[in-house]
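These notes are about the structure you will find just below.
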Amino acid sequence: MSAVAALRSFTLRRRLTGVGLLPSLAIALVPSGIAVILAWRGGGAPLDDYLRLMAPLCLSFVLPFVAMFMTLPILGELYEKGAMGYLYTRPAPRWAPLLGLFQGAFLAALPVLLVATLTPALVLMAWAPGPAVLADWFPMVGGVFATLAVGAMVDTAICVLLGAWSRRSIIWALLVLVVWGSVVGNLPGSLRDTSPHRYLVALLRQWTGIGEGVEVRALPPDPDPPSVAASLAVLAGITVACLFLSWRAARRRDIL
Amino acid sequence: MSVPAIRCDGLSRWYGEVQGLSGLSLTIEGGVVGLLGPNGSGKSTFMKLLTGLIRPSRGYVEVFGRRVGPDSHRLFSRIGYSPGEDVHFEGERAIDFLALLARFGGDAPAAAVRRGHQAMEKVGLPEKAEVRLNAMSKGMRQRVKVAQALLFEPELLLLDEPLNGMDPISRRATMRLVREHGERGGTVVFASHVLHEVEAVTSHVVLLHHGRLLAEGRLGEIRELVDRRPRRLRVDCDDPRLVAATLLDEELACGTRFEGDARLELETRTLAPLLARIEELGAAGRIHGLDLEDEGLEGIFDLLVGGDG
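Chain order of the listed sequences is A and B.
Per our numbering, the first sequence starts with residue 358, numbered consecutively.
Per our numbering, the second sequence starts with residue 4, numbered consecutively.
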């Protein structure tokens with residue numbers, strides 16, 4: 358659909374060019390900074406460091422903030438300044454711009470998340486005492502990135518919902534993505550089962566092998582981890598539900 | 004029977020405790036209609052209700068016979084809307100902004116760009132298509148806003164204060180564009196708080212004040228309405244007291260005030276009969292001069308607002 362594609366291109370252009378990219382890029386480079394410190398201090402096993410520190414950091418910290426920085430400024434610009442009025446007075450249903458925005462923000466997040474996963478791996482590889490075994494590294498980096506990509510889909514959809522629903526979307530996003538997601542999702546207990554983060558952690562463990570050979574304190578043990586299929590189904594369900602609720606919210610929200 | 008372009012009944016909208024529009028019932032068949040009212044009178048609220056951007060607290064509005072709501076997007080292939088707010092697509096070039104909106108109408112990317120250029124030509128800004136919106140003057144951005152409303156040659160144009168910030172040449176061009184749209188059989192709702200702007204494009208006006216419909220109709224009809232309201236005029240005469248007593252007795256004047264020994268100010272609700280009687284008194288040599296200012300549109304508006312406000 359033309360309207361979806363139009364807003365997808367618009368969002369991609371706005372988020373990946375100019376100063377709009379800087380906040381998410383700064384967040385994405387935090388793991389690389391830590392990797393430099395680890396490499397400078399020396400010792401340890403680089404691949405273990407990557408899985409023990411970088412992967413949880415990317416999942417719990419980089420992912421939610423990148424999703425927020427990619428989605429909420431555009432929604433804020435469209436809603437708070439009344440610009441959405443130009444889009445909602447066109448012969449396209451109200452879900453079209455939201456879907457386009459979701460797609461654009463999701464696609465824009467991917468290269469930034471690739472920077473967050475790949476750059477620290479390259480740093481650690483470069484400073485590793487012996488020659489790096491790429492066959493060991495790239496499945497790990499690929500697994501982390503694939504998990505983050507799935508997470509970006511969910512978190513972007515949540516941000517679209519919050520941006521379409523509330524004028525205080527940043528506060529809500531912090532509560533939902535960081536508190537409910539990263540914090541609750543990392544705490545042992547039954548509440549964790551309600552957090553999408555639990556399913557992302559399950560994917561991360563399955564796709565990288567974390568937990569089998571590496572002890573990761575940042576990722577508490579899950580006695581009954583969901584399977585990959587169940588995790589993907591839950592996360593896809595959350596994404597679809599959020600997009601549907603975004604459309605409902607857009608129908609109810611006044612453009613003042 | 005043709006369907007009116009716009010019909011609303013009991014249309015009301017509150018913003019918390021603040022009343023934006025109250026019980027507006029109105030039918031606009033077509034043509035160019037001026038929506039007049041001071042700032043805060045409910046013009047923009049009415050426009051947003053017409054486009055479904057806000058929901059009514061009570062009542063309903065129909066455009067081309069269909070209720071307006073959040074799912075009435077199909078209507079917008081027939082409506083062009085230029086909001087009162089500035090264009091907030093900062094950093095975008097005018098042509099990118101227009102092409103984005105054209106794609107919402109179903110155009111492919113190349114066709115959308117072509118349509119955007121055509122719209123810029125319509126508003127007389129073809130050479131500014133590549134200029135970024137935040138590098139444009141307010142007047143230019145206003146014209147871009149009008150251009151986006153014209154993208155798909157809509158039947159109904161809703162223009163909310165379109166002349167704000169425009170230079171005189173742009174104003175004339177935009178007013179001509181509005182008149183031409185009406186002459187081609189389209190409908191235009193032209194909201195403004197400046198009466199002479201509306202007078203330049205139409206004689207059919209809707210006056211709003213404090214969210215209420217103050218008057219609606221042809222300017223002539225509104226003048227008649229005004230004529231039934233107190234008007235003031237001054238006459239020069241030798242014996243103001245006698246003239247005042249005569250006109251008060253005949254119930255042609257409802258108030259008098261003496262200005263010296265040879266001048267009388269009269270207040271009347273029946274202007275035409277009073278003028279006829281003054282003419283008779285003038286012929287009889289009892290009145291020598293008459294000072295009746297044509298209040299014009301501004302006066303009419305002030306009078307209506309003052310009377311009901």
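In this text, a Cβ means the ideal position worked out from N, Cα and C, and glycines have one as well.
Self-check item: CA-to-CA distance, Arg144/B to Met123/B, given in whole angstroms
Solution: 11 Å
Quiz item: For the putative contact between Gly37/B and Lys46/B, defined by C-beta atoms under 8 Å, what is the C-beta separation to the nearest angstrom?
Solution: 10 Å between Cβ atoms; not a contact.
Self-check item: Buried or exposed by the 16-neighbour rule on C-beta atoms within 10 Å, applied to Thr177/B
Solution: buried
Quiz item: In terms of DSSP beta bridges, what is His212/B paired with?
Solution: Arg215/B
Self-check item: Residues, ordered as in the chain, of the stretch 27 to 59 of chain B that lie near chain A by beta-carbon distance below 9 Å
Solution: Lys51, Thr54, Gly55, Leu56, Ile57 and Arg58
Quiz item: Taking the alpha-carbon positions, what's the Ser206/B to Leu222/B distance?
Solution: 5 Å
Quiz item: In the structure shown, what three-state DSSP assignment does Ala256/B receive?
Solution: Coil, per DSSP.
Self-check item: Beta bridge counterpart(s) of Gln121/B as assigned by DSSP
Solution: Answer is none; Gln121/B lacks a bridge partner.
Quiz item: On the three-state DSSP scale, how would you describe Ile31/B?
Solution: In the structure shown, Ile31/B falls within a strand segment according to DSSP collapsed to helix, strand and coil.
Practice problem: Rounded to whole angstroms, what's the CA-CA distance from Met169/B to Ala152/B? Just pull it up for me. | Solution: 17 Å
Quiz item: Between which two residues does the alpha helix (DSSP H) containing Asp239/B stretch?
Solution: Not the alpha helix (DSSP H): Asp239/B falls in the beta strand (DSSP E), residues Arg234 to Cys240.
Quiz item: Which one or two residues does DSSP pair with Cys11/B in a beta bridge?
Solution: Leu29/B and Val64/B
Practice problem: Using alpha carbons as the reference points, say which of Ser5/B, Ser28/B and Pro7/B lies closest to Leu211/B. | Solution: Ser28/B
Quiz item: Of all the options Ile98/B, Gly214/B, Gly263/B and Glu224/B, which has the alpha carbon lying nearest to the alpha carbon of Glu130/B?
Solution: Ile98/B
Self-check item: Selected residue, minimal CA-CA separation from Leu600/A, among Leu404/A, Trp452/A and Leu576/A
Solution: For Leu600/A, the nearest C-alpha among the options comes from Trp452/A.
Exercise. Using a Cβ cut-off of 9 Å, pull out every chain B residue sitting near Gly442/A, in sequence order please.
Key: The contacting residues are Lys51, Thr54, Leu56, Tyr84, Pro86 and Glu88.
Quiz item: In or out: Ile394/A buried (at least 16 other Cβ within 10 Å) or exposed?
Solution: exposed
Quiz item: What residues are listed by DSSP as bridge partners for Leu104/B?
Solution: Looking at the DSSP assignment, Leu104/B forms no beta bridge with any residue, so it has no partner.
Quiz item: In three-state DSSP terms, what is Glu366/B?
Solution: In the structure as shown, chain B starts at 4 and stops at 312, and residue 366/B therefore has no counterpart that could be examined.
Quiz prompt | Top-ranked residue by Cα proximity to Asn42/B, from Ile225/B, Asn167/B and Arg70/B | solution = Asn167/B
Quiz item: Taking 8 Å as the CB-CB cut-off, is Gly461/A touching chain B?
Solution: no
Quiz prompt | Endpoints, alpha helix (DSSP H) assigned at Val469/A | solution = Trp452 to Trp484
Quiz prompt | Extent of the continuous beta strand (DSSP E) to which Ala194/B belongs | solution = Thr190 to Ser195
Quiz item: What residues from chain A crowd round Ser80/B, counting only those whose CB sits closer than 8 Å?
Solution: Pro448
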